[in-house]
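Asks: Residue numbers for the sequence shown follow my numbering, beginning at 10 and rising by one. Don't be surprised by glycine CBs; every beta carbon is placed ideally from N, CA and C. Quantities reported herein were computed from a predicted structural model and do not represent experimental measurements.
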Amino acid sequence: MTSDDPQDIAAEVARSEAQELAFHEDEAKRDADAAAQAAEASQAPAAPADKPAKAPAAPRAPKGSPAKKAAARKTTARKAPAKKAAPPAPKPDADGKSFSEYPEGEGKPAEEAEAPADPKQLMLTDALPAEMGDLLDAVADYAEQVEGAGEIEDKNTLSVGRALTKLYENRAWVAIWNQVKPTRQATTADSQNRFAAWLTWAEAQRKRKAPDRSRTYRLIAAVPLASEASPTGDNPPTTEGQVRPLNWLRKNGFADSVAKVWDSAVQAAKTRGAETASPADVETAVVAFRKAIPKELRAATKRAVSATSKRDRAEKAVRALFDTKGKDEILKFDTWYQTYRKTQSKQPKS
Numbered sequence: 010m011t012s013d014d015p016q017d018i019a020a021e022v023a024r025s026e027a028q029e030l031a032f033h034e035d036e037a038k039r040d041a042d043a044a045a046q047a048a049e050a051s052q053a054p055a056a057p058a059d060k061p062a063k064a065p066a067a068p069r070a071p072k073g074s075p076a077k078k079a080a081a082r083k084t085t086a087r088k089a090p091a092k093k094a095a096p097p098a099p100k101p102d103a104d105g106k107s108f109s110e111y112p113e114g115e116g117k118p119a120e121e122a123e124a125p126a127d128p129k130q131l132m133l134t135d136a137l138p139a140e141m142g143d144l145l146d147a148v149a150d151y152a153e154q155v156e157g158a159g160e161i162e163d164k165n166t167l168s169v170g171r172a173l174t175k176l177y178e179n180r181a182w183v184a185i186w187n188q189v190k191p192t193r194q195a196t197t198a199d200s201q202n203r204f205a206a207w208l209t210w211a212e213a214q215r216k217r218k219a220p221d222r223s224r225t226y227r228l229i230a231a232v233p234l235a236s237e238a239s240p241t242g243d244n245p246p247t248t249e250g251q252v253r254p255l256n257w258l259r260k261n262g263f264a265d266s267v268a269k270v271w272d273s274a275v276q277a278a279k280t281r282g283a284e285t286a287s288p289a290d291v292e293t294a295v296v297a298f299r300k301a302i303p304k305e306l307r308a309a310t311k312r313a314v315s316a317t318s319k320r321d322r323a324e325k326a327v328r329a330l331f332d333t334k335g336k337d338e339i340l341k342f343d344t345w346y347q348t349y350r351k352t353q354s355k356q357p358k359s
């Protein structure tokens with residue numbers, strides 16, 4: 010037990026100092042012996058001698074003593090990292106100048122004068138056919154015009170829709186987008202949703218803008234509607250706004266009446282001196298067609314459209330199930346389907 014007597018404390022400090030001194034003296038002696046042996050070995054080669062006997066270790070200082078603290082400080086000093094040497098001065102070229110003395114970009118090596126190309130940019134430009142760059146330009150021009158001036162938004166927009174349709178149907182974008190944004194569902198890899206996402210990314214890589222997604226969907230949907238409205242090419246619609254009201258006919262099971270309704274809108278426009286139908290003319294023609302549909306036909310068509318919609322959703326769900334490659338779940342579904350069909354076949358026909 011440590012005494013609180015000042016004399017005892019002084020004696021303990023003296024012993025610690027003596028132990029620390031003995032430790033450092035012993036360490037210095039070992040370093041000197043090692044240096045002497047190294048010098049002797051470098052002067053004349055000799056047969057390997059027996060290892061010198063290790064000097065007896067000095068008694069270990071108590072924990073927390075000045076000797077321990079001094080040894081710790083010395084160890085830390087030995088482990089301190091050395092300062093890094095200054096980088097060498099740039100080598101001069103044939104004219105005696107270093108590269109840093111030239112104006113920016115002049116005289117520098119090619120690898121320093123230009124930053125490496127973005128891998129995604131290379132992926133985009135290398136994988137796309139050349140003509141698709143022109144289509145992307147046409148789409149970007151439209152998007153930037155819409156952003157700058159809304160009054161030109163619906164002028165000749167079907168040409169933009171045709172450019173988008175060509176880009177979408179080319180399918181070269183699918184491989185690119187699967188690398189950037191992989192998908193586990195093969196059936197949705199070429200969906201319009203993923204196409205719109207790729208288009209936004211592709212235009213951004215080219216420092217251009219893309220239409221927002223809802224506008225992209227509408228422009229693509231307008232192209233087949235325009236062909237159905239004027240199958241002969243006489244007085245065809247030129248804007249997405251003109252054919253947008255006709256989309257109701259397609260969604261509600263009256264796609265075969267698109268040309269008839271469009272022609273009605275054109276005739277109404279010509280009676281007031283216009284060359285072609287406006288979006289308002291087409292909307293009026295669609296409303297008139299809806300009012301003339303018999304209730305029975307409307308109800309039957311509504312049921313057929315609902316059945317078609319449910320079938321489409323069921324097909325997508327089945328495809329998604331098969332994409333998972335879960336054999337057990339696919340087998341369960343097949344068993345349920347076969348059983349359900351047998352059950353339905355036994356039901357009395359209404």
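Looking at the unbroken alpha helix (DSSP H) that takes in Thr241, where does it start and where does it end?
Replies: Where Thr241 is concerned, there is no enclosing alpha helix (DSSP H), given that its DSSP letter is neither H nor E.
Asks: Could you say which of Val189, Arg224, Trp186, Gly335 lies nearest to Val169 if we only look at CA atoms?
Replies: Of the listed residues, the one whose Cα sits closest to Val169 is Arg224.
Asks: Let's test the definition: count the other Cβ atoms within 10 Å of the Cβ of Gln251 and tell me whether it reaches 16, buried, or not, exposed.
Replies: Gln251 should be labelled buried.
Asks: Got a sec, what are the start and stop residues for the alpha helix (DSSP H) Leu145 sits in?
Replies: Leu145 -> alpha helix (DSSP H) spans 139-157.
Asks: Compute the Euclidean distance between the alpha carbons of Ala181 and Ala139, then round it to the nearest angstrom.
Replies: Each residue's Cα considered, the two are about 11 Å apart.
Asks: Where do the N-terminal and C-terminal ends of the alpha helix (DSSP H) with Gly170 fall, by residue?
Replies: Looking at the DSSP string, the run of the alpha helix (DSSP H) that includes Gly170 is 166-179.
Asks: According to the neighbour-count rule (16 or more other Cβ atoms, all chains shown, within 10 Å of its Cβ), is Ser273 buried or exposed?
Replies: Buried: at least 16 other Cβ atoms inside 10 Å.
Asks: Applying the 10 Å Cβ sphere with the 16-neighbour rule, what's the burial state of Thr309?
Replies: Looking at the sequence shown, residue 309 is not Thr but Ala. Exposed, because fewer than 16 other Cβ atoms sit within 10 Å of the Cβ of Ala309.
Asks: Determine the direct distance from the alpha carbon of Arg328 to that of Gln188, and round the result to whole angstroms.
Replies: Each residue's Cα considered, the two are about 22 Å apart.
Asks: How would you label Ala122, buried or exposed, when you count the other beta carbons within 10 angstroms and need 16 or more for buried?
Replies: At Ala122, the pLDDT of 38 sits below 50, so the modelled position is not reliable; the number obtained from the coordinates is stated separately. It is exposed - the Cβ of Ala122 has fewer than 16 other Cβ atoms within 10 Å.
Asks: Following the continuous alpha helix (DSSP H) through Pro288, name the residue where it begins and the one where it ends.
Replies: Segment 288-300, the alpha helix (DSSP H) holding Pro288.
Asks: As a quick exercise: from Val275, Pro303, Lys300, Lys304, pick the residue whose alpha carbon is nearest that of Asp290.
Replies: Among Val275, Pro303, Lys300, Lys304, the Cα nearest to that of Asp290 is on Val275.
Asks: Could you give the first and the last residue of the continuous alpha helix (DSSP H) run that contains Lys334?
Replies: Lys334 -> no alpha helix (DSSP H), and no H or E assigned at all.
Asks: Put Leu340 into one of helix, strand or coil per three-state DSSP.
Replies: Correct three-state label for Leu340: helix.
Asks: Indicate the three-state DSSP secondary structure (helix, strand or coil) for Glu120 in the structure shown.
Replies: Model confidence at Glu120 stands at a pLDDT of 40, short of 50, so the residue's coordinates are unreliable; what they give is reported in the following sentence. In this structure, Glu120 counts as helix in the three-state DSSP scheme.
Asks: Do you know offhand how far Asn165's Cα is from Tyr151's?
Replies: C-alpha separation (whole angstroms): 10 Å.
Asks: Determine the DSSP secondary structure at Gly262, reduced to helix, strand or coil.
Replies: If DSSP states are grouped into helix, strand and coil, Gly262 belongs with coil.
Asks: Go ahead and label Val267 buried or exposed: buried means 16 or more other beta carbons lie within 10 angstroms of its beta carbon, across all protein chains shown.
Replies: Classification for Val267: buried.
Asks: Considering only their Cβ atoms, is the gap separating Glu178 from Lys218 smaller than 8 Å?
Replies: No, the pair does not count as a contact, with Cβ atoms beyond the cut-off.
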